[in-house]
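Here the structure comes first, spelled out in structure tokens, and everything after it is commentary.
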Amino acid sequence: MAILLADIDLGRFDADLDEMLLGCFLQTATYGKAHAGEKVIIIGGKGSGKSAIKCRLMEEIYDDDSCLVIELSPDQYSWKAARDFIELGVGGVHAHASAWRLTLLAASIYELSKRPGTLPKSTNLRKYYPLMYDAYDPGEMDRRTRAGRTLRRIINSVRTIYGSLFWPDPAPPKNGLEAVNRIQSILASEWPSSGLTLRILVDKLDDIWDSDQKVRDCIAGALKATSEVNADLAGHLMTTVFVRDDIYDVLSFDDKDHVDDLTERLAWEAEKLEWIVAERIRSSCALGEVPNEEVWDQIFASPKIDGKTCVAYMIDRTFLRPRHLLSFFRKSIERAMDEGHSTIENKDIKHAETTAYSRERVDGIVVDHRAAFPQIRILLQYFNGSQYRLSKEELRVIIDRFKTDQQRQIPEEFIINLLFTWGVIGVKHGAKYVYSYQDAALNPCTYDTFAVHPGLRSHLNVSS
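The working numbering puts the sequence shown at residues 2 to 465.
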């Protein structure tokens with residue numbers, strides 16, 4: 002069956018809106034660990050598939066009557082509680098960890114309280130019910146919007162517990178921190194014996210990222226709270242957090258070595274990226290189980306471009322992330338159709354790369370990292386006109402020009418590390434160039450030869 006380019010549907014950019022995601026989802030080892038709860042902090046670059054894993058988990062858990070699922074984002078986070086804890090003299094990360102615990106516990110109590118008989122009638126948590134039910138106003142919203150709005154109202158109400166709620170205990174809590182500890186203790190002791198479990202998925206932490214220390218403390222607090230609540234409510238409640246790898250790597254807090262044991266880094270191989278694209282083409286064009294090679298033979302006019310297969314050429318220009326490859330394919334298909342081609346010609350791929358895709362990759366780096374390094378776009382412009390292969394001395398010249406023109410006193414090694422971490426440059430390691438997404442442990446300052454990433458060269462006007 003011949004493939005028509007017009008029939009190809011590669012899905013939506015946003016995993017939350019991608020209707021093709023579930024049918025074309027690749028069950029990787031990382032997903033298996035996340036599903037089983039072996040790893041509860043999933044780390045990866047933007048477009049690496051974190052949200053795809055979250056969406057897949059949500060759908061599978063929704064179908065499991067023995068498990069409830071809640072999706073949380075910073076929109077539901079209790080910033081006020083964090084400020085209150087800080088006023089009590091609690092350190093930044095610890096204050097945010099306590100506020101995240103409050104957020105997770107409040108969401109859990111609400112979800113459990115919706116099911117009759119899940120908690121004992123005499124529960125000490127019943128004092129929370131009026132706050133929760135008063136906040137419940139589903140209206141005509143869809144399920145996820147309704148849940149998000151309800152939880153926001155609940156958590157806004159529960160923030161006041163340590164200031165106004167009457168406790169049945171002989172001795173009321175002295176402050177908010179003690180109240181959170183008591184809530185967690187009561188919930189652990191009164192969890193329903195029916196075997197019901199609850200899964201909380203925390204996403205969109207990347208959306209609040211900037212250079213502000215309180216934001217760093219907030220994200221670090223979410224990770225600490227996840228570790229603490231999961232340990233105390235093991236077997237009942239499991240929280241999984243999704244966070245960008247470069248954000249995680251710059252966070253500093255006590256017990257991070259313990260949190261490291263809970264993390265799983267998303268890493269993709271070229272063959273798996275190929276499968277994702279080929280499967281979406283097979284699915285949208287009703288091709289059945291035809292091999293990847295047959296798919297490529299039908300959609301590409303030529304088997305190779307610049308000495309490589311067309312797919313390998315395109316993958317080389319990604320950061321080994323599904324979203325990048327899907328975007329490159331989508332732009333190449335659109336160009337071919339605009340030109341009236343029945344297959345994707347090499348000039349369509351080149352046009353997509355030079356006019357849109359390369360700019361998209363550069364812009365993505367700038368957006369991801371400008372909060373931490375506001376002059377990132379200016380720095381990248383200093384590569385204009387350079388060769389893609391650079392000796393250490395040639396790289397130093399570029400960096401020195403930037404520092405002199407911008408009057409910045411930044412150590413050279415610091416900038417080299419940034420460029421490597423961002424994926425702008427790779428190092429010659431053995432016979433090939435290696436980038437940070439392939440081996441983040443490499444120290445670029447110990448290498449003598451570098452290369453500008455292939456996906457960035459066109460927009461940065463770097464000669465190949």
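Quick reminder that beta carbons are idealized off the backbone N, C-alpha and C, glycines included.
Quantities reported herein were computed from a predicted structural model and do not represent experimental measurements.
Local Cβ density within 10 Å of residue i, reported as buried at 16 or more and exposed below that
{"i": "G365", "result": "buried"}
{"i": "P412", "result": "exposed"}
{"i": "L132", "result": "Low per-residue confidence applies at L132: pLDDT is 39, beneath 50, and the placement is therefore not dependable, though the value from the model is reported in the following sentence. Classification for L132: buried."}
{"i": "V159", "result": "Legend: pLDDT at V159 = 46, less than 50; position of this residue unreliable, value from coordinates given subsequently. Result: buried."}
{"i": "A100", "result": "buried"}
{"i": "T31", "result": "buried"}
{"i": "P139", "result": "For P139, the predicted model reports a pLDDT of 30, less than 50, meaning its position is unreliable and no value from the coordinates is stated."}
{"i": "D304", "result": "Correcting the residue type first, residue 304 is Pro in the shown sequence and not Asp. By the neighbour-count rule (16 or more Cβ atoms within 10 Å), P304 is not buried but exposed."}
{"i": "R144", "result": "In this predicted model, R144 has a pLDDT of only 49, less than 50, meaning its place in the structure is not dependable enough to derive any value."}
{"i": "G45", "result": "buried"}
{"i": "G341", "result": "exposed"}
{"i": "H97", "result": "buried"}
{"i": "T240", "result": "buried"}
{"i": "K81", "result": "exposed"}
{"i": "G48", "result": "buried"}
{"i": "P169", "result": "Below a pLDDT of 50, predicted positions are generally treated as unreliable, and P169, at 46, falls in that range; the measurement from the model is reported next regardless. P169 comes out exposed."}
{"i": "Q408", "result": "exposed"}
{"i": "A337", "result": "buried"}
{"i": "V496", "result": "There is simply no residue 496 to check, as the chain begins at 2 and stops at 465 in what is shown."}
{"i": "D19", "result": "buried"}
{"i": "S114", "result": "buried"}
{"i": "K332", "result": "buried"}
{"i": "D135", "result": "Confidence is the limiting factor: at D135 the pLDDT is only 34, short of 50, which leaves the residue's position unreliable and the question unanswerable from this model."}
{"i": "R308", "result": "Correcting the residue identity first, residue 308 is Gly in this sequence and not Arg. The residue is exposed, with fewer than 16 neighbouring Cβ atoms inside 10 Å."}
Of the residues the options, the one placed nearest residue i, counting alpha carbons only
{"i": "A353", "options": "G222, G456, L420", "result": "G456"}
{"i": "L197", "options": "D218, L234, Q214", "result": "L234"}
{"i": "I345", "options": "P193, I334, K351", "result": "I334"}
{"i": "R200", "options": "M59, K351, C25", "result": "M59"}
{"i": "D213", "options": "D261, G93, D317", "result": "G93"}
{"i": "R84", "options": "K215, Q77, R183", "result": "K215"}
{"i": "L263", "options": "E340, E39, F374, T355", "result": "E39"}
{"i": "R266", "options": "T447, T29, N347, I184", "result": "T29"}
{"i": "V312", "options": "E270, S284, E340, G341", "result": "E270"}
{"i": "Y358", "options": "G341, F329, L381, D369", "result": "F329"}
{"i": "A86", "options": "Q439, A180, A16", "result": "Sequence check: residue 86 is Phe here, not Ala. The residue with the shortest Cα to Cα distance from F86 is A180."}
{"i": "K273", "options": "G12, A7, C25", "result": "C25"}
{"i": "M315", "options": "A287, E295, K348, E290", "result": "K348"}
{"i": "I184", "options": "T227, T124, K205, D401", "result": "T124"}
{"i": "A189", "options": "A337, K205, L238", "result": "L238"}
{"i": "P75", "options": "I42, W210, I187, F14", "result": "W210"}
{"i": "E275", "options": "E294, E395, E72, E20", "result": "E294"}
{"i": "G431", "options": "D317, F451, L419", "result": "F451"}
{"i": "G236", "options": "S195, V203, L202, I248", "result": "S195"}
{"i": "S228", "options": "I43, D406, S284", "result": "I43"}
{"i": "S109", "options": "L89, E61, G90, I187", "result": "I187"}
{"i": "K471", "options": "T447, R322, I306", "result": "Residue 471 is absent from the model: the chain starts at 2 and stops at 465."}
Test item: CB-CB of residue i and residue j under 8 Å
{"i": "G427", "j": "F320", "result": "no"}
{"i": "V242", "j": "A268", "result": "no"}
{"i": "Y383", "j": "R458", "result": "no"}
{"i": "E112", "j": "L178", "result": "no"}
{"i": "L326", "j": "V278", "result": "yes"}
{"i": "L105", "j": "E191", "result": "no"}
{"i": "D207", "j": "V244", "result": "yes"}
{"i": "V260", "j": "R102", "result": "no"}
{"i": "V363", "j": "H460", "result": "yes"}
{"i": "F254", "j": "A221", "result": "yes"}
{"i": "I1", "j": "I9", "result": "With the chain running from 2 to 465 in the structure shown, residue 1 is simply not present."}
{"i": "S52", "j": "A107", "result": "no"}
{"i": "I54", "j": "A35", "result": "yes"}
{"i": "P445", "j": "F421", "result": "yes"}
{"i": "V463", "j": "S387", "result": "yes"}
{"i": "I379", "j": "R371", "result": "no"}
{"i": "G90", "j": "P323", "result": "no"}
For residue i: DSSP bridge partner residues
{"i": "V260", "result": "For V260, which the question treats as bridged, DSSP gives no partner whatsoever."}
{"i": "R266", "result": "I44"}
{"i": "Q388", "result": "S464"}
{"i": "F243", "result": "I43"}
{"i": "T198", "result": "C68"}
{"i": "L120", "result": "Looking at the DSSP assignment, L120 forms no beta bridge with any residue, so it has no partner."}
{"i": "T450", "result": "S392"}
{"i": "V91", "result": "DSSP lists no partner for V91."}
{"i": "V181", "result": "Answer is none; V181 lacks a bridge partner."}
{"i": "G427", "result": "A452"}
{"i": "K433", "result": "H430"}
{"i": "V203", "result": "L73, V242"}
* Asked: Which whole runs of the alpha helix (DSSP H) in the region 297-359 are 4 residues long or more, in chain order?
  -> 311-317, 323-339, 347-353
* Counting only runs that start and end within the region 208-242, where is the beta strand (DSSP E) found for 3 or more residues in a row? -> none
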